[in-house]
Structure formats: structure tokens, C-alpha cells
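In our numbering, the protein residues as written are 88 to 274. Using N, Cα and C, we set each Cβ at its ideal position, and we do this for glycine too.
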Amino acid sequence: MTTTTAHTSPSGPTPAPAARLSPRELADRLAAKAVHVIDVREPVEYASGHIAGSVNVPLAQLTRTELPGGPLVLVCHSGNRSSRGLGQLLEQGHPAPVMDLEGGIPAWQQAGFPLQRRAGAPLPLMRQVQIAAGSLVLLGVILSQTLAPGWIWLSGFVGAGLVFAGISGFCGMARLLAAMPWNRVSL
């Protein structure tokens, strides 16, 4: 079911209402070639799995990029970035209808729809963060038990970083990993 959300800007109401599409509605519109899908995730995320036919335009570049004409559906991992991008386009007065995918890529997959993956794509960034954080916590515990008790602070530091990431939405480890050479993806 399509959910409509009205957005307003300081200069008054925006020209087109915003809608959230369910995965089924998006699949139907894609089959009818009635929409263009814009994936606002980072290139490394896009390479690890994306909706067939979608175009990758990271959120930071969305308002500076020439977008296809006609109705647009923005997608991301959770729906957070696509919702922000939707607001940016509506604030700008984008002429075509703009929507986003409810629940993001996981909802698309849960509904049984496939993703296209780029051959040789790195692991998804969140899995890399989990591997790195878990390894550092384990290393801190092992070193604190075998070498010196002070190594336990390594585990505490990583734990505090994860709590901060959860509260603020900013993950320094993800930013660091995204800059690593194996995560540099050119599409």
C-alpha cells in the first residue's frame, strides 16, 4: 500500500507529494517500466547488491546530479537515506513524482525479490565493521589475559565506539573501512 507524506518547504508546499512504495508496488512499477530507481547508497554498498536497473547516485551527490525524467523511486539500506534524499528533491522542487522504498533493500529481499551483485564486490560495509569490531574486542580480551591487564581498554574503546555509533548514527570505523583500498569501487 502506498503511503503518502506531505512535505513543505519554507516557500510553501512542494509540487508533488512524497510516497513510500512497498516492495511489491515497486516491482510492479518496474515491470511496467513506470519508474526509475535511484540507489542513494555508497558505491561499495551498491556493488554488494542492488535492484536490477537501478542507478547509483550517492546521497551526497543527489541534488548535484542530473536525474532521469519521469517518476523516481529512491532506495537505500534502511529507508533513512532515501527518505532524506526524497526530502531534498522535494525541497528543490523536483518536477517529477518522487517516492522511496519502504523498508529499503532488506524489505525488497524479504519480499523475495532478487538483487544484482557485482562480481568481486567486497563484503558489505556493515559486515566488515562487525568483523573488525569483534576481532578487536576479542584481541583486547586475549591480550589482557595473556600479556597485560591494560589491554582490556582496547575492548572498552571499541565497545564505546559502537555505543556512540548506535546513538549518533556516525560510525568512525565504517568511515575508516570505507576508505580502504579494497572498498574502492568504480561503477
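- request: Could you tell me if arginine 111 is buried or exposed, where buried requires 16 or more neighbouring beta carbons within 10 angstroms of its beta carbon?
  value: Exposed.
query: What are the complete beta strand (DSSP E) segments, minimum 3 residues, inside the region 142-207?
result: Runs found: 159-162, 185-188.
query: How close, in whole Å, do the beta carbons of arginine 205 and alanine 134 come, if the pair is a contact with beta carbons under 8 Å?
result: Contact flag correct, Cβ pair sits at about 4 Å.
message: Please tell me whether arginine 128 and arginine 168 are closer than 8 Å, where the distance is taken between their beta carbons.
response: Closer than 8 Å, so yes.
field: C-alpha distance - glycine 246 paired with asparagine 270, whole-angstrom precision
entry: Spanning the two alpha carbons is a distance of roughly 24 Å.
- request: Out of Leu176, His164, Leu202, state which residue places its alpha-carbon closest to the alpha-carbon of asparagine 151.
  value: In the sequence as presented, asparagine is not what sits at residue 151; that position holds arginine. The residue among Leu176, His164, Leu202 with its C-alpha nearest the C-alpha of arginine 151 is Leu176.
task: Use the C-beta contact count for isoleucine 218: other C-beta atoms within 10 angstroms, 16 or more gives buried, fewer gives exposed.
output: The residue in question, isoleucine 218, is exposed, as its Cβ has fewer than 16 Cβ neighbours within 10 Å.
Test item: CB-CB of threonine 260 and valine 224 under 8 Å: Note that residue 260 corresponds to methionine in the displayed sequence, not to threonine. At a Cβ-Cβ threshold of 8 Å, methionine 260 and valine 224 do not count as neighbours.
message: Less than 8 Å between the beta carbons of proline 145 and proline 130, yes or no?
response: When the beta-carbon positions are compared, proline 145 and proline 130 come within less than 8 Å of each other.
- prompt: Leaving out five residues before and five after glycine 172 in sequence, what residues of the same chain have Cβ atoms less than 7 Å from its Cβ?
  reply: Taking C-beta separations shorter than 7 Å and ignoring five residues to either side along the sequence, the partners of glycine 172 in its chain run Val127, Leu146, Leu149, Leu161, following chain order.
message: Going by DSSP in three states, valine 124 sits in which element: helix, strand or coil?
response: Strand, per DSSP.
field: Which residues DSSP lists as bridging leucine 108, in chain order
entry: According to DSSP, leucine 108 bridges with Leu188.
- request: Under 6 Å Cβ to Cβ from isoleucine 192, same chain only, skipping five residues before and after it: list those, please.
  value: Counting only Cβ-Cβ distances below 6 Å, and skipping sequence neighbours, we find His164.
query: What are the boundary residues of the alpha helix (DSSP H) that tryptophan 240 is part of?
result: 239-255 is the extent of the alpha helix (DSSP H) around tryptophan 240.
- request: Could you tell me the boundaries of the alpha helix (DSSP H) in which proline 130 lies?
  value: Membership of proline 130 in the alpha helix (DSSP H) is indicated by the continuous run 130-135.
query: On the three-state DSSP scale, how would you describe isoleucine 229?
result: In the structure shown, isoleucine 229 falls within a helical segment according to DSSP collapsed to helix, strand and coil.
- prompt: Would the beta-carbon of glycine 227 fall within 8 Å of that of leucine 241?
  reply: Cβ distance < 8 Å, so glycine 227 and leucine 241 count as in contact.
field: Proximal residues to alanine 140 (C-beta, below 7 Å), its chain only, five neighbours per side dropped
entry: Going by the sequence as given, residue 140 is glycine instead of alanine. Contacts found: Leu117, Val124.
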